[in-house]
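Under numbering that gives the first Met the number 0, the first residue of the sequence shown is numbered 0, with each subsequent residue one higher.
Glycine included, every Cβ here is placed at the ideal spot set by N, Cα and C.
Note that the coordinates shown come from a computational prediction; the quantities given were computed from them, not determined experimentally.
Contents: one structure, followed by commentary.
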Amino acid sequence: MVLGDLNVKPGQAWEYCPREAFRRVTKILKDEFDLVVNAGFEIEFFLLKSTMREGKEEWIQFDSSPYGCSSAFDVASPILREVTYALHSMGIPVEQLHVETGKGQFELVLGHTICTKAADNLVYTREAVRAIARKHGLLATFIPKYTLDDVGSGCHVHLSLWQNGQNVFMSSDESSKYGISTLGKEFMAGILHHLPSILPFVAPLPISYDRLNPTTWGSYLLWGNENRNAPLRTCSPGIPGGLVSNFEFKPFDGTANPYLGLAATIAAGIDGLRRHLSLPEPIDIDPNLDNLQRLPKSLSESLEALHKTDFFDEFIGQKLLTIIEAIGKAEIDQYSKNKDAYKQLIHRY
């Protein structure tokens, strides 16, 4: 498999190319602030097996083991081992592979790297997982909600800021508030400020919003320190002194184009840096217990938030934004006319 760019002619990028839009955003960040973003994805997916019911093929969960159960690994080990070997052969680091909460659900955690490469690694990983599952007669799906009565699948991404090989998202002073640098706080503040209009890029289907609801994680406009209920949360794995190395962005799901999703997220961070936005106080309680602002509850609402702002024009480009909005509206129309259309998504994602 080879990834390519969309060009009008050699040396002239097509204005609808997602990878080109992403590179443009990363160049702005580098040129204006001498910063690069490192990213690492947590990829959740279900393994499904085929069965016949009343003469029709159905896809059901491959396994019913609970979270972290070794028996799920026993059954799926031929597939998971082959996936791990394939990713290593492509130079894609796998930091963790474990059984998730859903029935037949697993999570792959990829090592962090420069964000442009991380996006490529995500595409390669999705393709490898699906191809190897097919080889074993199964179907792997990354859709955000396979069944409404089970947990959803996300594609959480961890982000950090780097300058001259040093993590500058993390504060250099243990006494700093939240353990985050000024750059890091401004970058996060930009993302939090634009979060409603970022959602069409990272949660692009109507079914995406069945995952982003108060009964699960990440449905309120807030950030938290190690608060898994927050759409943005800071993380300090193994770092002393209360310092923080990265933050997790949870709304990202497995149907998102990683180039557009990261482009929109980083663009929002750039706005925070440009305007020196202030990061509000963290919320470290269950947001359902407080009177907090909900994020858009549907793709329609998030598209409306995107339509009301011209902020992304500079970064994504007006023509590409018009297409993104049109595709989102077409998805809404498709599923409003056919309530069972989501069942076919397992063959697309």
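C-beta contact flag for residue i and residue j at 8 Å
i: V93; j: L109; result: yes
i: Q162; j: L34; result: yes
i: L198; j: P295; result: yes
i: G253; j: F44; result: yes
i: E81; j: I142; result: no
i: K102; j: D62; result: yes
i: F311; j: V156; result: no
i: P250; j: G217; result: yes
i: A267; j: I345; result: no
i: D119; j: L28; result: no
i: A38; j: L86; result: no
i: L272; j: L182; result: yes
i: V36; j: L158; result: yes
i: G136; j: R210; result: no
i: F200; j: A255; result: yes
i: T233; j: Y177; result: yes
i: A139; j: L291; result: no
i: A349; j: L319; result: Past the edges of the chain, shown from 0 to 348, lies residue 349, and the structure says nothing about it.
i: V146; j: T25; result: First, the residue type needs correcting, since residue 146 is Thr and not Val in the sequence shown. Cβ atoms of T146 and T25: not closer than 8 Å.
i: K167; j: S175; result: Per the sequence presented here, residue 167 reads as Val, with Lys not at that position. Contact flag unset, no.
i: F246; j: M169; result: no
i: Q104; j: V74; result: no
i: F248; j: R23; result: no
i: I42; j: E99; result: no
i: Y341; j: Y348; result: no
i: M0; j: Y84; result: no
i: D4; j: R18; result: yes
i: H193; j: D309; result: no
i: E56; j: G316; result: no
The alpha helix (DSSP H) enclosing residue i, as first and last residue numbers
i: K134; result: C114 to K134
i: G223; result: That residue, G223, is in no alpha helix (DSSP H); its beta strand (DSSP E) goes W222 to N224.
i: K351; result: Because the chain here runs from 0 to 348, residue 351 falls outside it and cannot be looked at.
i: I269; result: P257 to R274
i: K8; result: No alpha helix (DSSP H) holds K8; the beta strand (DSSP E) holding it covers N6 to K8.
i: R210; result: S207 to R210
i: F314; result: D312 to I315
For residue i: DSSP bridge partner residues
i: A85; result: None, per the DSSP bridge assignment.
i: T140; result: F45
i: V35; result: W161
i: R52; result: K55
i: T233; result: N224 and F246
i: H97; result: E106
i: Q60; result: L47
i: Y145; result: DSSP output for Y145 lists no bridge partner at all.
i: A75; result: None, per the DSSP bridge assignment.
i: F40; result: V156
Residue i: first and last residue of the uninterrupted beta strand (DSSP E) it sits in
i: R23; result: Per DSSP, R23 belongs to no beta strand (DSSP E); it is in the alpha helix (DSSP H), P17 to F32.
Cβ of residue i within 8 Å of any chain D Cβ
i: L231; result: In the structure shown, chain D cannot be found, because there is only a single protein chain.
If you pair each beta-carbon of the stretch 317-325 with each one of the stretch 221-231, do three or more pairs fall below 8 Å? With a cut-off of 8 Å, the stretch 221-231 and the stretch 317-325 do not count as touching, because too few Cβ pairs lie within range.
Where in the stretch 153-203 do unbroken runs of the alpha helix (DSSP H), each at least 4 residues long, occur, reported from the N-terminal end onward? Here the runs fully enclosed are 181-201.
Mind the definition here: the stretch 215-225 touches the stretch 255-262 only if three or more C-beta pairs lie below 8 Å; say whether that holds. Taking a cut-off of 8 Å on C-beta distances, the stretch 215-225 does not touch the stretch 255-262, as fewer than three cross pairs fall below it.
Taking 8 Å as the cut-off, does the stretch 297-314 touch the stretch 199-207 (at least 3 CB pairs, one atom from each stretch)? Segments in contact, yes.
Mind pulling the beta strand (DSSP E) runs of 3 or more residues that sit fully within the stretch 301-347? For the stretch 301-347, not a single whole beta strand (DSSP E) run of length 3 or above is found.
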